[in-house]
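Only one structure is covered here, and it is reproduced in the block below.
In this note's numbering, the protein residues as written are 16 to 496.
Shown next as structure tokens:
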């Protein structure tokens with residue numbers, strides 16, 4: 016074995032890059048707290064930090080050119096290696112985005128949902144799962160309609176690129192990055208940046224349109240908006256329940272949560288590795304399926320989190336484990352941290368140069384504009400049908416989630432239901448788990464739509480329409496009393 020040189024940049028790069036992410040997050044939070052415009056629109060700190068970091072990244076990248084413009088003689092090792100370091104940093108940002116998404120979903124999946132018997136209203140996880148997937152399908156249909164048409168006008172627009180609309184809106188920057196990368200590897204130049212740009216616009220719409228909806232309902236006198244970001248007193252039972260392990264004994268309680276998250280992720284990795292070997296990689300279809308398996312790592316992570324949680328529940332019921340080891344408060348905090356860094360990293364990793372194309376910019380504007388309106392009116396209609404007792408809370412949560420990410424939805428919900436008296440927040444978690452099952456068709460479509468033969472595109476489009484109609488029928492079908 017060889018020893019490492021602790022002063023070498025390679026051994027410090029990870030820490031320094033993580034420090035950059037932390038610094039832009041800190042400055043983003045200062046801007047969020049001090050600038051009234053951002054505060055009133057509920058702009059998440061991570062979005063502000065992401066744009067701030069994107070500017071820092073490009074300033075770093077073009078710093079040698081700027082210095083050279085003023086002085087052709089001055090040079091330094093920092094300037095010489097600046098561009099290569101930024102490229103390495105960008106790769107690191109994409110890795111953070113990829114893994115933080117899955118780890119965040121594991122933290123969400125390990126949480127124990129509150130008992131519905133203690134609630135005034137009963138949650139609807141299955142219908143929420145169907146609604147989430149139906150919104151994905153609607154966004155996919157809209158995106159494909161326009162990219163198929165615009166693909167005939169602009170050669171830079173891939174006909175299948177419209178499927179990135181539900182990836183960027185419905186599933187957020189992590190999936191936009193993953194699937195955009197797969198599309199880019201299969202011929203769509205700038206696919207990754209295009210997907211991340213969609214998710215960025217989705218973030219902005221989640222905040223602006225979401226607050227517009229809440230303010231509109233408040234003016235109508237239907238709801239009351241929380242006027243201040245009130246601090247909440249944390250009860251000791253939240254961190255250390257009567258049946259839970261102590262906060263600190265031989266091992267810290269937070270360490271247990273982190274251990275569980277990484278154990279589950281390792282289980283998902285083993286399963287994906289075995290599945291990859293089972294699929295093989297001889298044909299182009301097999302290769303696309305393998306790419307899809309690793310692109311949808313968060314789905315397998317979520318599934319194994321649910322399996323792991325059920326396993327803990329089983330051994331507790333059998334009496335083999337006397338105390339509860341997971342803690343909802345700590346898992347919430349961990350998922351929040353992971354999603355914050357995922358959002359910052361994803362926005363900072365955007366390659367702006369890839370979007371400097373008239374066709375891509377026009378396509379981006381059209382599909383995101385139509386996508387926002389369609390998502391707004393579709394959710395307005397369906398939430399009235401599915402959640403008659405807490406329509407506004409459900410809409411705020413789902414609209415924020417299906418144009419931005421789960422934290423956007425929760426931020427909007429806190430404005431009108433700060434104590435989570437309705438099941439809207441739990442519906443989001445349990446519904447996301449159910450959506451994994453219902454979303455299987457979309458997963459398969461994502462893996463074949465970019466295949467070179469023309470019929471893959473049209474089969475995928477028709478399949479989206481059929482599943483959208485069928486799922487809506489079952490979702491809106493009323494139970495016989």
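Glycine is no exception: its CB is placed at the ideal position from the N, C-alpha and C atoms.
Under the DSSP assignment, residue 337 falls outside any alpha helix (DSSP H); it carries neither an H nor an E label. Scanning its chain for C-beta atoms nearer than 8 Å, with the 5 sequence neighbours on each side dropped, one finds around residue 273 the residues 349, in chain order. The beta carbons of residue 225 and residue 210 sit about 22 Å from each other, so the pair does not count as a contact at 8 Å.
Annotation for residue 433: no alpha helix (DSSP H) segment contains it, and DSSP assigns it neither H nor E. For residue 66, the enclosing alpha helix (DSSP H) begins and ends at 60-85. Under DSSP, residue 441 forms no beta bridge with any residue. Here the alpha carbons of residue 340 and residue 482 stand approximately 40 Å from one another. Residue nearest to residue 106 within the set 78, 72, 119 is 72 (criterion: CA-CA distance). Of all C-beta pairs linking the segment 178-191 to the segment 396-407, fewer than three are shorter than 8 Å, placing the two stretches out of contact.
Taking a C-beta distance under 8 Å as the contact criterion, residue 471 and residue 463 qualify as a contact pair. Short of 8 Å from the beta carbon of residue 491, and not among the five residues preceding or following it, lie these beta carbons of its own chain, in chain order: 397, 400, 401. Put simply, the backbone Cα of residue 452 is about 12 Å away from that of residue 486. If you draw a straight line from the Cα of residue 32 to the Cα of residue 104, it comes to about 7 Å. Classified as buried, residue 175 has 16 or more neighbouring CB atoms from the shown chains inside 10 Å of its CB. Of all C-beta pairs linking the segment 75-90 to the segment 45-61, fewer than three are shorter than 8 Å, placing the two stretches out of contact. DSSP places residue 366 outside any alpha helix (DSSP H), giving it a letter other than H or E. Secondary structure of residue 404 (DSSP, three-state): coil. Remark: three or more beta-carbon pairs, one from each stretch, lie closer than 8 Å, so the segment 368-383 and the segment 199-213 are flagged as touching. Taking a cut-off of 8 Å on C-beta distances, the segment 357-364 touches the segment 110-118, as three or more cross pairs fall below it.
Under the DSSP definition of a beta bridge, residue 372 lacks any partner. Nearest to residue 417 by alpha-carbon distance, out of 187, 282, 142, 432, is 187. Apart from the 5 residues on each side of it in sequence, residue 290 sits with its Cβ closer than 7 Å to the Cβ of 308 in its chain, given in chain order.
With respect to the C-alpha of residue 282, the residue from 102, 436, 315 having the closest C-alpha is 315. Per DSSP, residue 171 is not a residue of any alpha helix (DSSP H), being assigned neither H nor E. Considered as a whole, the segment 459-493 harbours 469-491 as its complete alpha helix (DSSP H) runs of no fewer than 4 residues, in chain order. C-alpha of residue 284 to C-alpha of residue 321: approximately 15 Å in a straight line.
One Cα belongs to residue 386, the other to residue 215, and the distance between them is close to 14 Å.
Pairing residue 30 with residue 344, the inter-Cα distance amounts to about 27 Å. For residue 186, there is no enclosing alpha helix (DSSP H), since its DSSP letter is neither H nor E.
If you draw a straight line from the Cα of residue 442 to the Cα of residue 317, it is about 16 Å long.
Contact between residue 218 and residue 43 does not hold, since the beta-carbon distance rounds to 13 Å and is not under 8 Å.
One alpha carbon belongs to residue 455, the other to residue 95, and they sit about 48 Å apart. Residue 41 and residue 469 have their C-alpha atoms some 48 Å from each other.
For the pair residue 446 and residue 123, the Cα-to-Cα distance works out to about 12 Å.
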